[in-house]
Amino acid sequence: MNSAIVRSLLVRGMLAGLGSGLVALVVAYLLGEPRVDSAIAYEDGHAAHDHGDGPSVEVFSRTLQSTAGLATGVLFYGLALGGIAALAYCFALGRVGRFSPRATAALLSGVALVAVYVVPFLKYPANPPSVGDPDTIGQRTTLYFLMMVLSVLLAVAAVIAGRWLAPRLGTWYATVVAVLGFAVLVGIAYAFLPAVNEVPADFPATLLWQFRLAALAIQLTLWASFGLLFGHLAERLLNPKPAATRETSPEAAAPVH
67 MNSAIVRSLL
77 VRGMLAGLGS
87 GLVALVVAYL
97 LGEPRVDSAI
107 AYEDGHAAHD
117 HGDGPSVEVF
127 SRTLQSTAGL
137 ATGVLFYGLA
147 LGGIAALAYC
157 FALGRVGRFS
167 PRATAALLSG
177 VALVAVYVVP
187 FLKYPANPPS
197 VGDPDTIGQR
207 TTLYFLMMVL
217 SVLLAVAAVI
227 AGRWLAPRLG
237 TWYATVVAVL
247 GFAVLVGIAY
257 AFLPAVNEVP
267 ADFPATLLWQ
277 FRLAALAIQL
287 TLWASFGLLF
297 GHLAERLLNP
307 KPAATRETSP
317 EAAAPVH
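With my numbering applied, the sequence shown covers 67 to 323.
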């Protein structure tokens, strides 16, 4: 794959990431923001009860955070995601099986969703505001990113192992063995990494569950949209449809009486 094609795929990946970010932004605003508002109301209520003070003063208004701030964060995240995923796509194309460019994009998006988000999420799920000790935020962030890096490395190792085992076991059994190996190693990582449970005892369980489902829905929307958009753009670039040509002859051009 020459540099011109890599550059074209990178641009298309960033455009697809931006487009998928727009779709995810709608989901985040409709599903995520109401739960964030409820969590902030819970936090302010407890602060007023414990200290007799009113809600804390915000540097940026909640309206600005839930509109321009949310849009900026999600769109930049989608843009960066698209660029990184496009580079990974350039490496994976043709190396993970005889898939079309569109199918490779869908496969890459699915694997990335699991490795980058779902696996770390199951160990360290997303929490709304007012959940978590501010003094441990550095430790919690480090653990989350460590789990994410381990998950990505194990996913890459599983793909390599599957390709190595395919000539010996066949594609189906090689895939099963690779997936099982990935699951076992992730389980070992879950067992050895420390758990984090800082949810207040009186925090509404329904709100916590809804917030985590909304966070999962946002990521699912983002990666699914990216796979579809980027797959379409990559297919058009790498497998362009030949322009329809009509060969006309004097006989064909002559009108029929």
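Where a beta carbon is used, it is the ideal one built from N, C-alpha and C, also for glycine.
Keep in mind it's a predicted model, so treat the numbers as computed, not measured.
Does the count of Cβ pairs from the stretch 244 to 257 and the stretch 67 to 75 closer than 8 Å reach three?
Flag = no, the stretch 244 to 257 and the stretch 67 to 75 do not touch.
Within the continuous alpha helix (DSSP H) that includes E301, where are the two ends?
Element bounds for E301: 271 to 304.
My guess is that A82 and F296 are in contact by the Cβ rule of under 8 Å, so how many angstroms apart are they, rounded?
Their Cβ separation, rounded to whole angstroms, is 4 Å, which keeps A82 and F296 in contact under 8 Å.
Run through DSSP, which three-state label would E109 get?
Note: E109 maps to helix in three-state DSSP.
Would P186 and M213 be called neighbours here (beta carbons separated by less than 8 Å)?
Contact flag set, yes.
Under the assumption that Y155 contacts T170 (Cβ atoms under 8 Å), give the Cβ distance between them as a whole number of angstroms.
About 7 Å; that satisfies the 8 Å criterion.
Quick check on A192: buried or exposed, where buried means 16 or more other Cβ atoms within 10 Å of its Cβ?
It counts as buried.
Please classify Y95: does DSSP put it in a helix, a strand, or coil?
Of the three classes helix, strand and coil, the one that applies to Y95 here is helix, per DSSP.
Could you give the C-beta distance for R78 and L294, rounded to a whole number, given that I count them as a contact under 8 Å?
About 13 Å separates the two Cβ atoms, so there is no contact after all.
Taking Cβ positions, are Y190 and Y210 nearer each other than 8 Å?
Yes, Cβ-Cβ distance for Y190 and Y210 is below 8 Å.
Run the CB neighbour count on S196, radius 10 Å, all protein chains shown included, and call it buried at 16 or more, exposed below.
Label assigned to S196: buried.
According to DSSP, is A267 helix, strand or coil?
Note: A267 maps to coil in three-state DSSP.
Mapping the DSSP letters down to three states, classify R206 as helix, strand or coil.
Looking at R206 - three-state DSSP - the assignment turns out to be helix.
Can you check whether the CB of S132 is closer than 8 Å to the CB of A181?
The answer is no: Cβ separation not under 8 Å.
Does the structure place the stretch 90 to 106 close enough to the stretch 278 to 294 that three or more beta carbon pairs sit under 8 Å?
Contact holds: three or more Cβ-Cβ distances are below 8 Å.
Is S86 buried or exposed, if buried means 16 or more other CB atoms sit within 10 Å of its CB?
S86 should be labelled buried.
If you follow the alpha helix (DSSP H) that K307 is part of, which residue opens it and which one closes it?
Unbroken run through K307: none, as it is neither H nor E.
Only counting the same chain, and skipping five residues up and downstream in sequence, which positions put a Cβ closer than 7 Å to that of T311?
Confidence at T311 is low in this model, with a pLDDT of 46, below 50, so its placement is unreliable and no value can be given for it.
Excluding the five sequence neighbours on either side, which residues of its own chain have a C-beta within less than 8 Å of the C-beta of S166, listed in chain order?
So the list reads E301, N305, once near-sequence residues are dropped.
Looking at chain B, is there any beta carbon in it that lies within less than 8 Å of the beta carbon of T287?
Given the protein chain composition of this structure (a single chain), no chain B is represented.
Count the other CB atoms, across all protein chains shown, that sit within 10 Å of the CB of V102; report buried if there are 16 or more and exposed otherwise.
So V102 ends up on the buried side.
Please report the distance separating the alpha-carbon of E109 from that of A227.
Rounded to whole angstroms, E109 to A227 spans 48 Å at the Cα level.
What is the DSSP secondary structure of D103, reduced to helix, strand or coil?
The answer is helix: DSSP assigns D103 an H, G or I state.
Does the distance from the C-beta atom of A152 to that of L76 stay below 8 Å?
Cβ atoms of A152 and L76: closer than 8 Å.
Please report the distance separating the alpha-carbon of A280 from that of S104.
Going from the Cα of A280 to the Cα of S104 covers about 13 Å.
Mark G328 as exposed unless 16 or more other C-beta atoms lie within 10 angstroms of its C-beta, in which case mark it buried.
Lying before the first or after the last residue shown, residue 328 is absent from the chain, which here runs from 67 to 323.
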